[in-house]
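Enquirer:
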Amino acid sequence: MALDNQTIQKTLIDQFGLSVKEFHEQHDLLVFEVAPDTLHAVVQFLKENDQMNFNFLTDVCGVHYPDSEENRQFAVVYHMHNWMDNVRIRFKAYLNGKNPVVDSVVDLFKSANWQERETYDFYGIKFKNHPQLKRILNMDEMESFPLRKEFPMEDEGRTDKDDRFFGRTIHNC
Amino acid sequence: MSDLLLPPEQRYAKLIEEKFKEDGTELQILNLGPTHPATHGIFQNIILLDGEKVLDGEGTIGYIHRAFEKIAENRPFYQINVLTDRLNYCSSPINNTAWWMTVEKALGIEIPKRVQYLRVIIMELARIADHIICSSVMGVDTGALTGFLYVFQYREKIYEIYEEISGARLTTNMGRIGGFEREWSPAVFQKIEEFLAEFPAIWSEFEGLLTRNRIFMDRTIGVGGISAEEAINFGFTGPNLRAAGVDYDVRVATPYCSYEDFDFEIPVGTAGDCYDRFCVRNAEVWESMKIIRQALDKMPEGPYHADVPEYYLPPKEDVYTNMEALIYHFKIVMGEVPVPVTELYHCVEGGNGELGFYLITDGSRTPYRLHFRRPCFIIYQAYNDIVKGGMLSDAIITLSSLNIIAGELDA
Numbered sequence: 001m002a003l004d005n006q007t008i009q010k011t012l013i014d015q016f017g018l019s020v021k022e023f024h025e026q027h028d029l030l031v032f033e034v035a036p037d038t039l040h041a042v043v044q045f046l047k048e049n050d051q052m053n054f055n056f057l058t059d060v061c062g063v064h065y066p067d068s069e070e071n072r073q074f075a076v077v078y079h080m081h082n083w084m085d086n087v088r089i090r091f092k093a094y095l096n097g098k099n100p101v102v103d104s105v106v107d108l109f110k111s112a113n114w115q116e117r118e119t120y121d122f123y124g125i126k127f128k129n130h131p132q133l134k135r136i137l138n139m140d141e142m143e144s145f146p147l148r149k150e151f152p153m154e155d156e157g158r159t160d161k162d163d164r165f166f167g168r169t170i171h172n173c
Numbered sequence: 001m002s003d004l005l006l007p008p009e010q011r012y013a014k015l016i017e018e019k020f021k022e023d024g025t026e027l028q029i030l031n032l033g034p035t036h037p038a039t040h041g042i043f044q045n046i047i048l049l050d051g052e053k054v055l056d057g058e059g060t061i062g063y064i065h066r067a068f069e070k071i072a073e074n075r076p077f078y079q080i081n082v083l084t085d086r087l088n089y090c091s092s093p094i095n096n097t098a099w100w101m102t103v104e105k106a107l108g109i110e111i112p113k114r115v116q117y118l119r120v121i122i123m124e125l126a127r128i129a130d131h132i133i134c135s136s137v138m139g140v141d142t143g144a145l146t147g148f149l150y151v152f153q154y155r156e157k158i159y160e161i162y163e164e165i166s167g168a169r170l171t172t173n174m175g176r177i178g179g180f181e182r183e184w185s186p187a188v189f190q191k192i193e194e195f196l197a198e199f200p201a202i203w204s205e206f207e208g209l210l211t212r213n214r215i216f217m218d219r220t221i222g223v224g225g226i227s228a229e230e231a232i233n234f235g236f237t238g239p240n241l242r243a244a245g246v247d248y249d250v251r252v253a254t255p256y257c258s259y260e261d262f263d264f265e266i267p268v269g270t271a272g273d274c275y276d277r278f279c280v281r282n283a284e285v286w287e288s289m290k291i292i293r294q295a296l297d298k299m300p301e302g303p304y305h306a307d308v309p310e311y312y313l314p315p316k317e318d319v320y321t322n323m324e325a326l327i328y329h330f331k332i333v334m335g336e337v338p339v340p341v342t343e344l345y346h347c348v349e350g351g352n353g354e355l356g357f358y359l360i361t362d363g364s365r366t367p368y369r370l371h372f373r374r375p376c377f378i379i380y381q382a383y384n385d386i387v388k389g390g391m392l393s394d395a396i397i398t399l400s401s402l403n404i405i406a407g408e409l410d411a
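Listed in order, the protein sequences are those of chains W and F.
Counting with this note's numbering, you get residues 1 to 173 for the letters of the first sequence.
Counting with this note's numbering, you get residues 1 to 411 for the letters of the second sequence.
#1: Which stretch, first to last residue, makes up the alpha helix (DSSP H) that contains residue 221 of chain F?
#2: Whether or not the stretch 227–235 of chain F and the stretch 188–202 of chain F are in contact is what I'm after, with contact meaning three or more pairs of Cβ atoms, one per stretch, closer than 8 Å; do they touch?
#3: Indicate whether at least one CB of chain W lies closer than 8 Å to the CB of residue 371 of chain F.
#4: Since residue 26 of chain W sits in a beta bridge, which residues does DSSP pair it with?
#5: Taking Cβ positions only, does residue 153 of chain W come closer than 8 Å to chain F?
#6: Give the residues of chain F in contact with residue 26 of chain W, contact being defined as C-beta atoms less than 8 Å apart.
#7: Along the stretch 85–101 of chain F, what residues have a CB closer than 9 Å to any CB found in chain W?
#8: Can you check whether the C-beta of residue 354 of chain F is within less than 8 Å of a C-beta belonging to chain W?
#9: Compare the C-beta of residue 377 of chain F against all C-beta atoms of chain W and say whether one is closer than 8 Å.
#10: Contact criterion: CB-CB distance below 8 Å. Does residue 105 of chain F meet it with respect to chain W?
#11: Please classify residue 67 of chain W: is it buried, with 16 or more other beta-carbons within 10 angstroms of its beta-carbon, or exposed?
#12: Give me the subset of the stretch 120–154 of chain W whose CB atoms are less than 7 Å from a CB atom of chain F, sorted by chain position.
#13: If I'm right that residue 135 of chain F touches residue 282 of chain F with Cβ under 8 Å, what's the distance once you round it to whole angstroms?
#14: Anything in chain F within Cβ reach of residue 113 of chain W, meaning under 8 Å, just list it in chain order.
#15: In whole angstroms, what separates the C-alpha of residue 117 of chain F from that of residue 295 of chain F?
#16: Is it the case that the Cβ atoms of residue 127 of chain W and residue 118 of chain W are separated by a distance below 8 Å?
#17: Is there a Cβ of chain W sitting closer than 8 Å to that of residue 45 of chain F, yes or no?
#18: Can the beta-carbon of residue 224 of chain F be found closer than 8 Å to that of residue 274 of chain F?
#19: Could you say if the stretch 202–215 of chain F and the stretch 66–86 of chain W meet the contact criterion of at least three C-beta pairs nearer than 8 Å?
#20: Please classify residue 330 of chain F: is it buried, with 16 or more other beta-carbons within 10 angstroms of its beta-carbon, or exposed?
#21: What residues of chain F sit near residue 90 of chain W, judged by a beta carbon separation below 7 Å?
#22: Quick check for students: name the residue ranges of the alpha helix (DSSP H) that lie wholly in the stretch 244–308 of chain F, counting only runs of 4 or more.
#23: What span of residues does the beta strand (DSSP E) with residue 368 of chain F cover, start to end?
#24: So, does the stretch 22–38 of chain W touch the stretch 3–10 of chain W, judging by three or more C-beta pairs under 8 Å?
#25: Is DSSP giving residue 131 of chain F helix, strand or coil here?
#26: With DSSP as the reference, identify every bridge partner of residue 90 of chain F, one or two as the case may be.
#27: In terms of residue numbering, what span does the beta strand (DSSP E) encompassing residue 31 of chain F cover?
#28: Kindly indicate if chain F contains any beta-carbon less than 8 Å away from that of residue 173 of chain W.
#29: In three-state DSSP terms, what is residue 86 of chain W?
#30: Assuming residue 367 of chain F and residue 359 of chain F form a contact by the criterion Cβ under 8 Å, report the distance between their Cβ atoms to the nearest whole angstrom.
#31: For residue 146 of chain F, count neighbouring Cβ atoms within 10 angstroms of its own Cβ and tell me buried if that reaches 16, exposed if not.
#32: Check the Cβ-Cβ distances between residue 4 of chain F and every residue of chain W, and say whether any is below 8 Å.
#33: Considering Cα atoms alone, identify which of F/22, F/248, F/107 and F/277 is closest to residue 397 of chain F.
#34: I want to verify the contact list: residues of chain W whose CB lies under 7 Å from the CB of residue 62 of chain F, in sequence order.
#35: Would residue 44 of chain F be called buried (16 or more neighbouring beta carbons within 10 Å of its own) or exposed?
#36: Is residue 79 of chain W helix, strand or coil by DSSP?
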């Protein structure tokens, strides 16, 4: 029997209780939220459980939500894929805005290594137990984390370009 | 502090000293890259060598990092297309089409069958162009320049087809939300027919030049091998994974763009070494030609774009005469396109594997977050593990067989 979203949801809730929540389907993908302290256990369960069998970690990336409450200002997004039943899932772990830390999953999936480094490089999200957590795409001396929303794309001191003339207001850009 | 956090030169200096004290052996550090002719792009490998044997290595990337994800967060949806061109610039139509399909999925637009078939044709042509480069450059790295020069003119032919469709050769910027910007001219179809008529003979000759060539086989068989389990663990997709014997292909696993209508095989290898990667790519070129042939034969009639006036630029003559068209034109050009609040992941089979777009929209004119899952970036982290223990010259051929494209690596 092919694995369906209800089974995944039920098995995860049985296993982890309130640490996994907010299940819903979005564009045919089961989406849910994982508490950061159980994240490693959830990924391990999804990978190693015979029924779940999510053998492939497709993608890891970060998101910044500066307007949310402090405990949910960052999110690390994981996409996993079960090749046997061809099911994909996505889950997020929301992290604290002051001190974003989450467990690394490099010991489970080697593909997470550079993806976590990239997330650290862009957002400053720290991955506990990562073997080599340093910048990857930007230079080592850099101090800011460029994909955070507080860093604008352009220098705000620029005077040669007036946004009003380009139809842009603070609300639409 | 862990040793791994040190810059590789410092870490290796320590290793070299220890080794010298131990048995008097002198190790050396070699900087392969950033702009070595053998690296196919701008990225550096700092390699620790014992004679010719690779003991350790570390890849340093980011030399052409252009902050695409940040730029994408500040641009209207239709302007992001030009960013995707520059990811894997050997097969930009695949990236373009993948991006439009992501936006169409967010908007819930139904795409006409004809558009899907046209997209399949252009994506498979792009895949052929991508594989032509990779396979022929593998020949160059083993010392056979002839094959490269011989098949490269056919990449030019494919670029002429791009030029006929979109006006550009490399950064194709192809398509719009819902379809293509204009109908393909008869010249396009004629050029594709010409290509399909001429190319098989050339490609089999190229294969004949290298596949059973003693030097080429000696240089590639058993070199840079990776097992299926390791490949999955490292997140391999595309030809590099299939060479290890796993028949995962996004076109079959999660069909998009009517790939389910076509009859084609997924070539797989066994050993996952350089030779298998070469053979899998070559076989994929034949499969791509098969798909193009079928798509041309079964080409449905119909419009070349979906009927979505809110997102698709109206014809210019309508803009001058029709008020509604003028309003839509203005809104689209000013980037006032409302994209509903959603979150989605869409992936296609790129030249190197699963190319994915993870998009978060918040209802404004720009994406809230756009993440590119770039196959090269994920594949390349395995490189130093693969070459460890081998020869330096094997490291070069492994690099070219993985088909690392710097644009996709760095984004």
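Note that the Cβ used here is the ideal one computed from N, Cα and C, for glycine as well.
Please read all numbers here as calculations on a predicted model, not as lab measurements.
Expert: This is what the structure holds:
#1: Premise fails: residue 221 of chain F is in no alpha helix (DSSP H) and is neither H nor E.
#2: no
#3: yes
#4: W/29
#5: yes
#6: 342, 343 and 344
#7: none
#8: yes
#9: yes
#10: yes
#11: exposed
#12: 131, 132, 134, 136, 137, 138, 146, 147 and 153
#13: 6 Å
#14: 381
#15: 6 Å
#16: no
#17: no
#18: yes
#19: no
#20: exposed
#21: 345
#22: 250–253 and 274–297
#23: 367–373
#24: yes
#25: helix
#26: According to DSSP, which records beta bridges pairwise, residue 90 of chain F is partnered with nothing at all.
#27: 28–32
#28: Reliability of the predicted coordinates at residue 173 of chain W is poor, the pLDDT of 49 falling under 50, and the value obtained from them is presented with this limitation in mind. With 8 Å as the cut-off, residue 173 of chain W counts as an interface residue toward chain F.
#29: coil
#30: 6 Å
#31: exposed
#32: yes
#33: F/277
#34: 136, 137 and 138
#35: buried
#36: strand
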